[in-house]
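Student:
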Amino acid sequence: MLASRNNCQDLRVVRMTPLGGGEGAPPLFELVLSPPGWDFRPGQFIMIRPPEWGLDLVWGRPLSIADVREDGLRLLVQAIGRGTHRLSELRPGQVVTVWGPLGNSFAVEPDKPTLLLAGGIGIAPFVGYARRHPKPENVTLLFGHRLPAESYPLADFGGLRKAEAVREQNPEQLARFIDHLGQTMRGYAHGGLVLACGPEPFLRTVRKLALTLKARAQLSLENRMACGVGACLGCVARNGKDQLVQTCTHGPVFWAEDVFLSEDAAPLGGKP
């Protein structure tokens, strides 16, 4: 049974495993917390906050749920800000406060060819999605990252039809990646399903391609959040009707045609 959004509990750190980082890339870790006692739907997230943060860091941090397994709740932490740097310093035995699972989830259509598009840390929700999909042979992953040290081990995606990692470090690689992205999405434009998660420029590119190709696509937004339950209005986005909606309660997953991404951020490789 899925927990309600009001489910708040203290969980212990089981382990913090380095996965990458260095050489210009921010440190990447897998954080495993003690079993939470609830299940989740891939695409949902949790809010996390260690009690010792006190008044120094008042708000929790949102993290996509990578998976829930027998050994615990799995999360990916990329140390790019004050909060995530502090999270990366957690050690086994420490206690953190977690509330969730929160938000909605990605569509699962077992008999349809499904393309997972991950940009950087956006690969997190697809770990559990791939493992739990009823027919993983119908699922393909395309993972874009800038540096070798930012790559995620693709062993978790071994059961998929195909799992591919592509670097996008310099303009030439980025241009090739965008072209490859478009060509790959074209194969899912009729009768397929495209799911994407990553930074906004990446999602804007996917959204533009999806609308052009008339592909059915869902985007998981990585908006900043403070509460995760719709109280603070800090994570608003615009929907297809130009209305403000809260990413934490109406999302974080939206159909491409039902969300408007800010024109202030350029898509990958160019200006709006």
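Under our numbering, residues 7 to 278 are what the sequence shown spells out, in order.
A virtual CB, placed ideally from N, CA and C, is assigned to each residue, including glycine.
Predicted, not measured: the structure shown is a model, and the values here were computed from it.
(1) Does the contact criterion of 3 or more C-beta pairs under 8 Å hold for the stretch 99-109 versus the stretch 45-52?
(2) Please classify Thr23: is it buried, with 16 or more other beta-carbons within 10 angstroms of its beta-carbon, or exposed?
(3) Excluding five sequence neighbours on each side, which residues of the same chain lie with their C-beta closer than 8 Å to the C-beta of Glu206?
(4) Compute the Euclidean distance between the alpha carbons of Asp62 and Cys241, then round it to the nearest angstrom.
(5) Can you name, in chain order, every residue of its own chain whose Cβ lies under 6 Å from the Cβ of Trp261, other than the five neighbours on each side?
(6) Bridge partners of Leu122, per DSSP?
(7) Nearest by alpha-carbon distance to Arg18: which of Leu25, Lys220, Leu37 and Val235 is it?
(8) Determine the burial state of Pro177: buried for a count of at least 16 other Cβ atoms within 10 Å of its Cβ, exposed for fewer.
(9) Between the stretch 142-150 and the stretch 215-224, can you find at least three pairs of beta-carbon atoms closer than 8 Å?
(10) So, at 7 Å on beta carbons, what are the nonlocal neighbours of Asp77 in its own chain, with the 5 sequence-adjacent residues on each side left out?
(11) Give me the Cα-Cα distance between Arg192 and Asp185, rounded to the nearest whole angstrom.
Tutor: So, from the data block:
(1) yes
(2) exposed
(3) Leu227, Glu228, Leu267, Ser268 and Ala271
(4) 21 Å
(5) Gln224
(6) As computed with DSSP, Leu122 is found in a beta bridge with Leu147 and Leu201.
(7) Leu37
(8) Around the Cβ of Pro177, a 10 Å sphere holds fewer than 16 other Cβ atoms; the residue is exposed.
(9) no
(10) Val20 and Val38
(11) Arg192 and Asp185 have their C-alpha atoms spaced approximately 11 Å apart.
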